[in-house]
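The listed protein sequences derive, respectively, from chains A and B. Taking the numbering used here, the leading residue of the first sequence gets 168, the next gets one more, and so forth. Taking the numbering used here, the leading residue of the second sequence gets 168, the next gets one more, and so forth. What follows is one structure encoded as structure tokens, with my remarks underneath.
Number of protein chains: 2
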Amino acid sequence: MGPVTLADIQVTPLRRIATAGGDVLHAIKRTDPGFVGFGEAYFSWVHAGSVKAWKRHHRMTLNLVVPVGLVRFAFTLEPAAAVFREFDIGEDHYARVTVPPGIWFGFHGLRSASLVLNAASIPHDPDEVDRLPPEAIPFTWSHE
Amino acid sequence: MGPVTLADIQVTPLRRIATAGGDVLHAIKRTDPGFVGFGEAYFSWVHAGSVKAWKRHHRMTLNLVVPVGLVRFAFTLEPAAAVFREFDIGEDHYARVTVPPGIWFGFHGLRSASLVLNAASIPHDPDEVDRLPPEAIPFTWSHE
Numbered sequence: 168m169g170p171v172t173l174a175d176i177q178v179t180p181l182r183r184i185a186t187a188g189g190d191v192l193h194a195i196k197r198t199d200p201g202f203v204g205f206g207e208a209y210f211s212w213v214h215a216g217s218v219k220a221w222k223r224h225h226r227m228t229l230n231l232v233v234p235v236g237l238v239r240f241a242f243t244l245e246p247a248a249a250v251f252r253e254f255d256i257g258e259d260h261y262a263r264v265t266v267p268p269g270i271w272f273g274f275h276g277l278r279s280a281s282l283v284l285n286a287a288s289i290p291h292d293p294d295e296v297d298r299l300p301p302e303a304i305p306f307t308w309s310h311e
Numbered sequence: 168m169g170p171v172t173l174a175d176i177q178v179t180p181l182r183r184i185a186t187a188g189g190d191v192l193h194a195i196k197r198t199d200p201g202f203v204g205f206g207e208a209y210f211s212w213v214h215a216g217s218v219k220a221w222k223r224h225h226r227m228t229l230n231l232v233v234p235v236g237l238v239r240f241a242f243t244l245e246p247a248a249a250v251f252r253e254f255d256i257g258e259d260h261y262a263r264v265t266v267p268p269g270i271w272f273g274f275h276g277l278r279s280a281s282l283v284l285n286a287a288s289i290p291h292d293p294d295e296v297d298r299l300p301p302e303a304i305p306f307t308w309s310h311e
């Protein structure tokens with residue numbers, strides 16, 4: 168495999184199954200595309216209008232699912248490159264975003280409070296994460 | 168190990184970490200108590216007042232986390248035994264419930280809409296699940 172590219176980010180539509188008493192929502196199976204091992208699952212709330220950015224993992228593959236609300240995710244390879252991929256994912260556009268290591272990413276809450284699940288390939292380890300403040304990468308979060 | 172008992176259900180308090188833009192909530196790590204392998208993660212919504220019951224898994228260990236709302240879980244070994252364990256788990260009482268195979272369980276939404284994550288040890292397999300209708304096991308869901 169060559170170096171990671173933004174095309175390596177996978178978006179996989181997920182099923183939402185109507186069930187008496189409340190829907191069942193798929194997230195990730197070990198046989199799914201994008202599954203490369205399980206290390207930790209954790210949630211991040213993101214308030215409407217808030218931006219959580221930027222991070223880059225050296226070893227973790229992220230699997231991101233948004234069961235509540237709507238979240239804009241943005242991805243870039245280089246802070247100065249000004250080349251991005253972005254996806255709006257949430258309860259009405261229900262999908263899993265798989266992000267391999269080596270990609271800068273951030274996210275923005277688009278609706279009330281949104282809940283992001285990361286089913287990550289390794290447990291959280293602060294030593295494998297690079298961080299930059301939101302303004303370090305010039306992405307326009309609100310362009311609606 | 169002898170046969171499963173209700174004492175084998177583990178409740179593990181989880182951390183909720185205040186973070187700019189929205190809290191981070193732990194769910195499960197592969198090094199945590201109760202982790203016996205990862206098969207699938209999925210969500211179930213449960214409406215306030217709704218009961219989803221009863222199921223018993225033959226092979227799946229459940230790891231249940233409620234990031235939204237408040238849910239009453241009930242557990243029993245035998246439909247006729249009338250011996251139960253129960254826990255109210257949710258955003259204000261944030262914990263993980265680990266349920267080994269062989270235990271009947273159900274749950275009840277106590278507040279608005281509640282979201283249950285199951286980080287399960289095996290992928291969903293209808294052949295390893297027994298089901299009974301809610302009225303088959305006489306548990307009093309609302310006793311407040």
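Virtual Cβ for every residue (Gly too), placed ideally from N, Cα, C.
One Cα belongs to A/SER281, the other to A/MET227, and the distance between them is close to 22 Å.
In the structure shown, B/PRO170 falls within a coil segment according to DSSP collapsed to helix, strand and coil. Contact with chain A is found for B/VAL191, since one of that chain's Cβ atoms lies less than 7 Å from the residue's Cβ. In terms of Cα proximity to A/ASP175, the closest of A/TRP212, A/GLY204, A/GLU258, A/ARG252 is A/ARG252. Shown in chain order are the members of the segment 202 to 216 of chain B whose Cβ falls below 7 Å from a Cβ of chain A: PHE205, GLY206, GLU207, ALA208, TYR209, PHE210, SER211, TRP212, VAL213, HIS214. For B/TRP212, the beta-bridge partners assigned by DSSP are B/LEU282. Counting C-beta atoms within 10 angstroms of its own C-beta, B/ASP294 has fewer than 16 neighbours from the protein chains shown and is therefore classed as exposed.
For A/ARG197, the nearest CB of chain B lies under 7 Å from its own CB, placing it at the interface with that chain.
Interface flag for B/GLY236 against chain A is unset, since no Cβ pair is found closer than 7 Å.
Your pair A/ASP297 and A/ARG223 checks out as a contact, with CB atoms roughly 4 Å apart and the cut at 8 Å. Looking at the backbone, the Cα of A/GLY257 and that of B/PRO290 are separated by about 23 Å. The alpha-carbon separation between A/GLY273 and A/VAL218 amounts to approximately 7 Å. For B/VAL218, the chain A residues whose Cβ falls inside 7 Å of its Cβ are GLY188, in order along the chain. For A/LEU229, the enclosing beta strand (DSSP E) begins and ends at 229 to 235.
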